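Asks: Residue 763 in the UniProt record's numbering sits at position 60 of the sequence shown, with consecutive numbering throughout. Encoded as structure tokens, here's the structure I'll be asking about.
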Amino acid sequence: LMLEGDLRRAIERNEIKVLFLPIVRLEDRTVAGFETLLRWDHPKHGRVPAQTFLPIAEETGLVVDLGIFALERTAAELAAWQAALVVEPPIFATVNISSRQLLRHDLLHDVKTVLARTGVAPGSLKLELTESLVMENPEYAAQMLARIQELGAGLCLDDFGTGYSALAYLQRFPFDTIKIDQSFVRQMASGRSTILRSIVRMAREIGLEVVAEGAESETDAVALAEFGCDYAQGYAFGEPMSVLQARQLVGAAP
Ligand code: G
Ligand code: G
Ligand code: NA
Ligand code: MN
Numbered sequence: 704l705m706l707e708g709d710l711r712r713a714i715e716r717n718e719i720k721v722l723f724l725p726i727v728r729l730e731d732r733t734v735a736g737f738e739t740l741l742r743w744d745h746p747k748h749g750r751v752p753a754q755t756f757l758p759i760a761e762e763t764g765l766v767v768d769l770g771i772f773a774l775e776r777t778a779a780e781l782a783a784w785q786a787a788l789v790v791e792p793p794i795f796a797t798v799n800i801s802s803r804q805l806l807r808h809d810l811l812h813d814v815k816t817v818l819a820r821t822g823v824a825p826g827s828l829k830l831e832l833t834e835s836l837v838m839e840n841p842e843y844a845a846q847m848l849a850r851i852q853e854l855g856a857g858l859c860l861d862d863f864g865t866g867y868s869a870l871a872y873l874q875r876f877p878f879d880t881i882k883i884d885q886s887f888v889r890q891m892a893s894g895r896s897t898i899l900r901s902i903v904r905m906a907r908e909i910g911l912e913v914v915a916e917g918a919e920s921e922t923d924a925v926a927l928a929e930f931g932c933d934y935a936q937g938y939a940f941g942e943p944m945s946v947l948q949a950r951q952l953v954g955a956a957p
């Protein structure tokens, strides 16, 4: 593919950016953390969305390097915030993990290295994995994730509700947080909140924190709080922003 050769050099050329999507604590509307998202600012093609280059990266294996890059940048930023700010609990960040990184690469080693190098607060660097990814190889994924959790990383189950796995089944995995897929938030916004409410209730009963994704309005935010979600992200609270904007938002700008 046309972009493949470029992608190999994109990291060295500083074209890959880590953006920060705010995650807000619904109880008091403070910024609790961020999901980090990769963007490619291509010199010719402009901003290339993750959906375009990540599948190429996954096929060629470059996703491993991109993943290490995202982990390193995110953890370094978290460490800076935690040094500059005294907030309890500390601000967290979640990094998306791809299939190859978890199932065909030594993710444990990458996480261990990054945590040791940065010394971020335990649990404040979270890995975000989709339900379909962990279900590709549930036995292996459960073992790996248990070892990663022992290192002190947090684990968030992304796009919850889009697959076929029951929450009860997913209790076998050491997730501390689930992120409810935005399709349920859209349903809720059009008056159908039954599934969302039951997911939240079950998650809370088994001790998981709940993030709702795709909160686009104040009405969404109020309803999600009322239904017991702990956190929400989405355009109601902010779009993916640069690291400098994120620093300002948390009050850690120099
Ligand atoms: O922000 P955007 O709509 O471009 O994100 C599209 C998809 O790309 C999302 O599903 C998001 O999870 C994924 N994505 C963004 N950044 C990363 C990353 O660093 N690693 C992986 N594996 N996926 C990412
Ligand atoms: O697959 P994943 O959930 O990781 O993807 C997150 C994607 O959702 C990012 O591309 C981000 O830009 C996008 N996003 C964030 N907030 C909203 C929102 O409120 N509405 C919609 N439609 N997309 C959002
Ligand atoms: Na995600
Ligand atoms: Mn998601």
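By construction, the Cβ of each residue, glycine as well, lies at the ideal position given by its N, Cα and C atoms. No experiment lies behind these values; they were computed from the predicted model shown.
On the criterion of 16 or more Cβ atoms from any shown chain inside 10 Å, does Ala924 qualify as buried, or is it exposed?
Replies: Counting Cβ neighbours within 10 Å, Ala924 comes out buried, since at least 16 surround it.
Asks: Just checking Gly931 against ligand 2 - is the residue's beta carbon closer than 6 Å to any of the ligand's heavy atoms?
Replies: Because no heavy atom of ligand 2 lies under 6 Å away, the Cβ of Gly931 does not count as near it: no.
Asks: I need the boundaries of the alpha helix (DSSP H) containing Thr755, first residue and last residue.
Replies: Per DSSP, Thr755 belongs to the alpha helix (DSSP H) from Ala753 to Thr763.
Asks: When DSSP builds the beta bridges, which residues end up paired with Trp743?
Replies: Answer by DSSP bridge pairing, in chain order: Ile719 and Val751.
Asks: Thinking Ala760 and Leu710 are a contact (beta carbons under 8 Å), I'd like their distance in whole angstroms, please.
Replies: At roughly 6 Å, the Cβ-Cβ gap stays under 8 Å, so Ala760 and Leu710 are in contact.
Asks: Asp862 to Ile902, Cα distance in whole Å?
Replies: When rounded, the distance between both Cα atoms is 12 Å.
Asks: Using only the alpha-carbon positions, how far apart do Leu927 and Ala915 sit?
Replies: Each residue's alpha carbon lies about 7 Å from the other.
Asks: Three or more C-beta pairs closer than 8 Å, one from the segment 744-761 and one from the segment 805-825: is that the case here?
Replies: Because the criterion of three Cβ pairs below 8 Å is not met, the segment 744-761 and the segment 805-825 do not touch.
Asks: I think Ala918 touches Gln936, with their Cβ atoms under 8 Å apart; what is that distance to the nearest whole Å?
Replies: Between Gln936 and Ala918 the Cβ distance is about 7 Å, and since that is below 8 Å, they are a contact.
Asks: Is Glu912 near ligand 3, going by C-beta to nearest heavy atom under 6 Å?
Replies: Not so, every heavy atom of ligand 3 lies at least 6 Å from the Cβ.
Asks: Where are the beta strand (DSSP E) runs, 3 residues long or more, that stay fully inside the segment 861-901, in chain order?
Replies: Counting whole runs of 3 or more residues, the segment 861-901 contains the beta strand (DSSP E) stretches 880-883.
Asks: According to DSSP, simplified to helix, strand and coil, what is Leu830?
Replies: Strand, per DSSP.
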